[in-house]
Amino acid sequence: MGVHSVLQFLIIAGCIASFSDASKPNIVFILADDLGWNDVSFHGSDQILTPNIDSLAYSGVAFGRYYSHAICTPSRSALLTGKYPYKTGMQGNPLGMSEDRGIPTNVRLLPQYFKDVGYSTHLVGKWHAGSSRREYLPTSRGFDSYIGHRGGYIDYYEYTIKEDWEDGQVSGLALFRNLTAAWDVEGYITDVYTDEAIKVIDDHDSSTPLFLMVTHNAPHAGSDTVALQAPSEVVRQMRYIESPDRRIFAAMIKKLDDSVGDIVKALQDKRILENTIIVFAADNGGMTTGLYANYASNYPLRGIKMSPYEGGVRVVGLLWSANLNNTSHYWDGYMHVTDWLPTLLSAAGVEPPTDVDGVDQWESINSNSASQRKEMFEIDDYTGYASITYGDYKLITGKPDENYSGYLGGDLRGVIDSPPSYIDAIADSKVYGVLHSIGRTFDTNFLTLRNKTIINCDVSTTSICYPSNNTVCLFNIIEDPCETTDLSATYPELVASMQQILDVEMTKMIPRILPTVIDPMSAPSLHNFTWDTWID
């Protein structure tokens, strides 16, 4: 069947809107690391194609306003707890391997809720929520099994992490299978995690529901010295991209997109896809420049990872299920990373807890109705900034790093030859093939949906607001998503009202430990050259 003929199949209409208690949905949550807004093709990029991810968006629900936190440890803490990280002491700079800190053990995590109602729970990939003590590790926090790296990043081939100490640089293996160092593993880490996820799916007892998190290292930098790592044969496929660095980054994204396709195919082969909810999201904005830069792009959004601007916190997100009523396949309501815990529990027919900051968005997403969320906070006492999003407006206070706060990544968009055909890439993708096999493909109107997610702004302005300790910036992020125009002088009463709400919220903060303490007992040389637990 020809490419364009295949694209004429329509998603079967009239699907049920929820799952019965007798058959709880499987849930597969795929998280990308430092993926930029402009690094997926369903957001309009013709430079980097992500046909498998896009096919999930076009046949599921693409989020127009999904927000996370600006840094990896806080965003993962929020995802797992449903609470703002500043309420658990997990805000600020990412956890170091030599740092004795983790999500407090008296806080329940997402896998624990699912385990309580009969789910088999598994984590493949990055943890970064505490590794100094055994009680902080995934298998102590609700996961039946775990393989992955416990810290913030990992070399894609050697699986090591390096840290700079006063006495010099230290390094050790960071890949573990449950509690044991995974010395036996070989291969490119994205492929390793894909294979491990497929093994979990293949070995799963289908008489019980599955909760699987796949938290990729990709496309985070492999290290500060060798940031970009991808198989050479995949890099060569990206020779139409002008920037050599962006070319390698694109190859890393290609492997990530392939992983999504392979995981969806495994779910179909297991015959559980049609009773599975799939989430694909980024943990924060891309790191275009600075330490651990990976040449991601959030353009034209302002700012990058480590900043409270939209480029740091407004990120890629989608939800797929065969049992959704949202036939527009798009939702532009506010969705925050803390919302996943109550939303996914609700989708599984489980009453969400009431002591979390997240709100249940399941019905809003499913019916394409208004978001249940009215406000969002980004509070970082360690770095020294805070923001509140309230309705259409965002107020930023403190002093964000100006190096991370401009319009970055626009210069990475260049091509020197015609990119591959987007239509052909979609039709040839593994996810599209799976959808076709179950009669749930989408028609050519997906290009209209794609246009809804594209953000266009004039960012040529030379005068943009940077807050300081004495001034604030106010933006209408609905009309001005690229935060070009400060409205604080225009709406002083709104500023005062939002500042008051933010001040009250900041009283709920558990101060971040200052400064980060390197414990010499964590040295890999004391633990068979691995980053193992050292406080028990």
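Under mature numbering (1 follows the signal peptide of the UniProt record, and there is no 0), read the sequence shown as residues -22 to -1, 1 to 514, first letter to last. No residue lacks a Cβ here, since even glycine has one placed at the ideal position from N, Cα and C.
- According to DSSP, residue 308 shares a beta bridge with 40.
- Taking C-alpha positions only, residue 149 is separated from residue 67 by approximately 27 Å.
- A distance below 8 Å separates the beta carbons of residue 7 and residue 191.
- Taking a cut-off of 8 Å on C-beta distances, the region 301 to 314 touches the region 31 to 51, as three or more cross pairs fall below it.
- Per DSSP, reduced to three states, the secondary structure at residue 325 is helical.
- Counting the other Cβ atoms within 10 Å of the Cβ of residue 259 gives 16 or more, which makes it buried.
- Contiguous alpha helix (DSSP H) elements confined to the region 174 to 218 occur at 210 to 214, taking only those with 4 or more residues.
- Judged by DSSP secondary structure, residue 298 falls within the beta strand (DSSP E) whose first and last residues are 295 to 298.
- Judged by their CB atoms, residue 81 and residue 55 are nearer to each other than the 8 Å cut-off.
- A direct Cα-Cα distance of roughly 6 Å separates residue 488 from residue 64.
- Taking 8 Å as the cut-off, the Cβ atoms of residue 78 and residue 262 do not count as close.
- Secondary structure note for residue 242: its alpha helix (DSSP H) is the uninterrupted segment 222 to 247.
- For residue 21, the secondary structure class from DSSP, reduced to helix, strand or coil, is helix.
- Residue 129 and residue 171 have their C-alpha atoms roughly 15 Å apart.
- Comparing alpha carbon positions, the residue from 134, 32 and 101 closest to residue 17 is 32.
- Residue state for residue 50 is assigned as helix, using DSSP reduced to three classes.
- In the DSSP secondary-structure assignment, residue 353 is bridged to 368.
- The DSSP-derived three-state label of residue 124 is strand.
- The shortest C-alpha to C-alpha distance from residue 89 to any of 427, 322, 213 and 368 is the one to 322.
- By the Cβ-count criterion, residue 425 is exposed, with fewer than 16 other Cβ atoms from all chains shown falling within 10 Å of its own Cβ.
- Leaving aside the five residues that flank residue 83 on each side, the residues in its chain whose CB is nearer than 7 Å to its CB run, in chain order, 113.
- Across the set 50, 299, 164 and 305, the C-alpha of 299 shows the shortest separation from the C-alpha of residue 325.
- Contact between residue 464 and residue 451 holds: their C-beta atoms lie close to 5 Å from each other, under 8 Å.
- Closest option to residue 410, judged by alpha-carbon separation, among 139, 357 and 240: 240.
- When the beta-carbon positions are compared, residue 343 and residue 39 come within less than 8 Å of each other.
- In this model, residue 472 and residue 457 are separated by some 17 Å (Cα to Cα).
- Annotation for residue 408: the continuous alpha helix (DSSP H) segment containing it runs 408 to 415.
- Using a C-beta cut-off of 8 Å, the region 344 to 357 makes contact with the region 291 to 306, since at least three inter-stretch Cβ pairs fall below that distance.
- For the pair residue 147 and residue 160, the Cα-to-Cα distance works out to about 22 Å.
- As the crow flies, the alpha-carbon of residue 392 is around 7 Å from that of residue 221.
- Taking every protein chain shown into account, the CB of residue 242 has 16 or more other CB atoms within 10 angstroms, so this residue is buried.
- A contact between stretches requires three or more CB pairs, one per stretch, nearer than 8 Å, and the region 403 to 423 meets this requirement with the region 21 to 31.
- The residue from 247, 164 and 200 with its alpha-carbon nearest to that of residue 179 is 247.
- Within the DSSP bridge table, the entry for residue 453 names 372 as partners.
- Per the coordinates, the alpha-carbon of residue 229 lies some 31 Å from the alpha-carbon of residue 76.
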